[in-house]
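Take a look at the structure set out below.
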Amino acid sequence: MPSSIDPASLPAYAKAVLSALEEAGFEAWIVGGWVRDALRGDPAHDVDITTIAPWQTTERVLEAAGIEVHETGTAHGTVTAVVSGKPIECTTYRVEGAYSDFRHPDSVAFVTDVREDLARRDFTINAMAWHPTRGLLDPFGGSSDLAAGIVRCVGDPKRRFGEDALRILRAIRFAARFGFATEPATEAALASCAPELAHIARERIGQELQGILDSGRAGWALEAEPSVLAAAVPELASLSQRQWRASACTLESAEALSGGMASDPLLWAALFSAVAPKAAAKAMRKMARGTELAGQVAVLLGELAELRKGHPAAWDEGAVHALLARLEQKVPHEGRSLIFGLATLGQAEICAAEAVGEKGPFPGTDRAAFDVIRSHARLLIAERAPLRIQELAIAGAEVMEIGGLGPGPEVGQVLKELFADVLAGTLPNEADALANEVAKRCKR
Ligand code: ATP
Ligand code: MG
110 MPSSIDPASL PAYAKAVLSA LEEAGFEAWI VGGWVRDALR GDPAHDVDIT TIAPWQTTER
170 VLEAAGIEVH ETGTAHGTVT AVVSGKPIEC TTYRVEGAYS DFRHPDSVAF VTDVREDLAR
230 RDFTINAMAW HPTRGLLDPF GGSSDLAAGI VRCVGDPKRR FGEDALRILR AIRFAARFGF
290 ATEPATEAAL ASCAPELAHI ARERIGQELQ GILDSGRAGW ALEAEPSVLA AAVPELASLS
350 QRQWRASACT LESAEALSGG MASDPLLWAA LFSAVAPKAA AKAMRKMARG TELAGQVAVL
410 LGELAELRKG HPAAWDEGAV HALLARLEQK VPHEGRSLIF GLATLGQAEI CAAEAVGEKG
470 PFPGTDRAAF DVIRSHARLL IAERAPLRIQ ELAIAGAEVM EIGGLGPGPE VGQVLKELFA
530 DVLAGTLPNE ADALANEVAK RCKR
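Per our numbering: the sequence shown = residues 110 to 553.
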């Protein structure tokens, strides 16, 4: 890890804001995530600035320098500058009053020492400030924790988690994202403060959980921090130890099998692999993850439950085509992506069952069968095999013309039968063949 930040890595748009403030006589620093990530060699993060200037002054100074400013959080001293289309949050040095709701400070107070501002921040790796000429300001040892791979609270962990319980999940999110360990006192406080997560809005928990899933190490998080995850997601709290371990293994395997490219439906379905589909979807809606995503997760979990009952036939092209069509019917336009998610999820569950010493969960569908499903699906998609009646190479109007039918339910019935034959592989999805078939059927 580089021990300093190259001033040239500061984007010009951020430098413009910093310089405008300092040239007007107001101390300002780059702070938080950008500093942390730049020290890690990744200066791609959004830039946040902290400054001694009250927000009204920041606004006036920046506007005088021709910079657009929006009042985005003035109660907390924040305005957002926009330069070349890039937003830069500028916040006045502040400290926070008491927390009586486990999340929001009852009051904030503006201060004149940047160190006091750094002291209110959550973790040492997030509590560093940097300036292109003054260098790094790191009163809590954030850079050495960063080098050692440690997430450590600024100050007393129990008090800090007690103030704002969301920090509990943030600690796990940063540990997961960077592959860091939590410092022992911070680790102990994670478990003892976990029940306080009950006071946090589920929507905010959903956002942090999404961050943990995006890290590619959610399986690790589930394994390493069961009491926190159970407090964050009550739907997981009733799992048996065996189910918990299997869920963690499923998630870990899904992450490994998809090489860091797992889709959201796959990740959430893996997290909820031991939860009933409807309950999982409800939990996701409560966490404001969107009804669409919740629906896709329920479909994946429902199909998985069907597979647990056993698949009697061979996974030939017809069976995979029928599965694809069923997925497409349940979630229009997503069947193609869902089938790959389902195959990976199934294989991940098989890996998990092996890890916990159980037999394969899907009679008739083993690990190799999921590969077969994937390759048939790839071919069917490449051939543009129809997954819905609307994708047949014949439309209702042609059926009416060729079959001599008037408008009515009969047309839909003919299309339905044609689609069933195409799915069964007894009729090609080609205009001529379909037209001949319509002529033949309507003559009868
Ligand atoms: P990310 O890459 O996830 O955005 P970040 O460090 O930028 O990481 P933000 O949530 O954007 O995280 O917050 C910016 C900074 O504000 C953090 O680096 C930290 O210093 C501070 N901060 C954010 N949330 C909290 C909190 N709940 N408690 C204390 N400090 C916080
Ligand atoms: Mg950020």
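Every residue gets a Cβ at the ideal spot worked out from N, C-alpha and C, and that includes glycine.
Return yes when at least one heavy atom of ligand 2 lies under 8 Å from the C-beta of residue i, else no.
i	result
residue 151	no
residue 154	yes
residue 157	yes
Determine which residues share a DSSP beta bridge with residue i and list them.
i	result
residue 240	244
residue 290	259
residue 214	208
residue 190	178 and 197
residue 140	157 and 238
residue 203	219
Who are the near neighbours of residue i in its chain, counting only those whose CB is closer than 7 Å to its CB and skipping five residues on each side?
i	result
residue 162	130, 135, 170 and 201
residue 430	489, 494 and 532
residue 374	402, 405, 406, 409, 447 and 450
residue 520	505, 508, 509 and 514
residue 174	129
residue 340	303, 304, 306 and 307
residue 133	170
residue 250	233
residue 416	455, 471 and 474
residue 348	356 and 383
residue 311	395 and 396
residue 484	none
residue 453	363, 366, 367 and 375
residue 276	231, 269 and 270
So, helix, strand or coil for residue i, using DSSP?
i	result
residue 424	coil
residue 124	helix
residue 283	helix
residue 158	strand
residue 179	strand
residue 516	coil
residue 441	coil
residue 321	helix
residue 81	Residue coverage of the chain in this structure runs from 110 to 553, which leaves residue 81 outside it and unanswerable.
residue 537	coil
residue 555	As shown, the chain starts at 110 and ends at 553. That puts residue 555 outside it, with no answer to give.
residue 135	coil
residue 384	coil
residue 151	coil
residue 114	coil
residue 372	coil
residue 277	helix
residue 543	helix
residue 510	helix
Spatial neighbours of residue i within its chain, please: C-beta separation below 8 Å, excluding the five flanking residues on both sides.
i	result
residue 503	524, 527, 540, 543, 544 and 547
residue 551	511, 512, 513, 514 and 523
residue 387	407
residue 176	125, 126, 129, 190, 191 and 192
residue 462	355, 468, 469 and 470
residue 142	154, 155, 157 and 235
residue 160	130, 135, 136, 137, 138, 167, 199, 200, 201 and 202
By Cβ distance below 6 Å, which residues in the same chain neighbour residue i in space, the five residues on each side in sequence not counted?
i	result
residue 325	364 and 369
residue 382	356 and 359
residue 87	With the chain represented from 110 up to 553, any question about residue 87 goes unanswered, as that position is not in the structure.
residue 344	384, 388 and 392
residue 185	217
Is residue i near ligand 1, with its Cβ less than 8 Å from a heavy atom?
i	result
residue 275	yes
residue 236	yes
residue 140	yes
residue 215	no
residue 288	no
residue 145	yes
residue 231	yes
residue 279	yes
residue 261	no
residue 404	no
residue 203	no
residue 282	yes
residue 320	yes
I want to check one thing, is the minimum distance from the CB of residue i to the heavy atoms of ligand 4 below 8 Å?
i	result
residue 271	Annotation note on ligand 4: not contained in the displayed structure, which lists ligand 1 and ligand 2 as its ligands.
So with Cβ pairs under 9 Å, would you call residue i a contact of chain C?
i	result
residue 436	Absent from the structure: chain C. Only one protein chain is present.
Next on the checklist: Check whether the stretch 404-419 and the stretch 339-356 are in contact - that is, three or more C-beta pairs closer than 8 Å.
Outcome noted: no
Checklist entry - Should the stretch 388-401 be called in touch with the stretch 420-436, which here means at least 3 C-beta pairs below 8 Å? => result No, because fewer than three Cβ pairs between the stretch 388-401 and the stretch 420-436 fall closer than 8 Å, the two stretches do not touch.
Checklist entry - Taking contact to mean at least 3 C-beta pairs separated by less than 8 Å, is the stretch 216-228 in contact with the stretch 279-295? => result no
Item to check | Given 8 Å, three or more beta-carbon pairs between the stretch 141-152 and the stretch 177-195 | outcome: no
Checklist entry - Does the stretch 243-261 come close enough to the stretch 225-232 to have 3 or more Cβ pairs within less than 8 Å? => result yes
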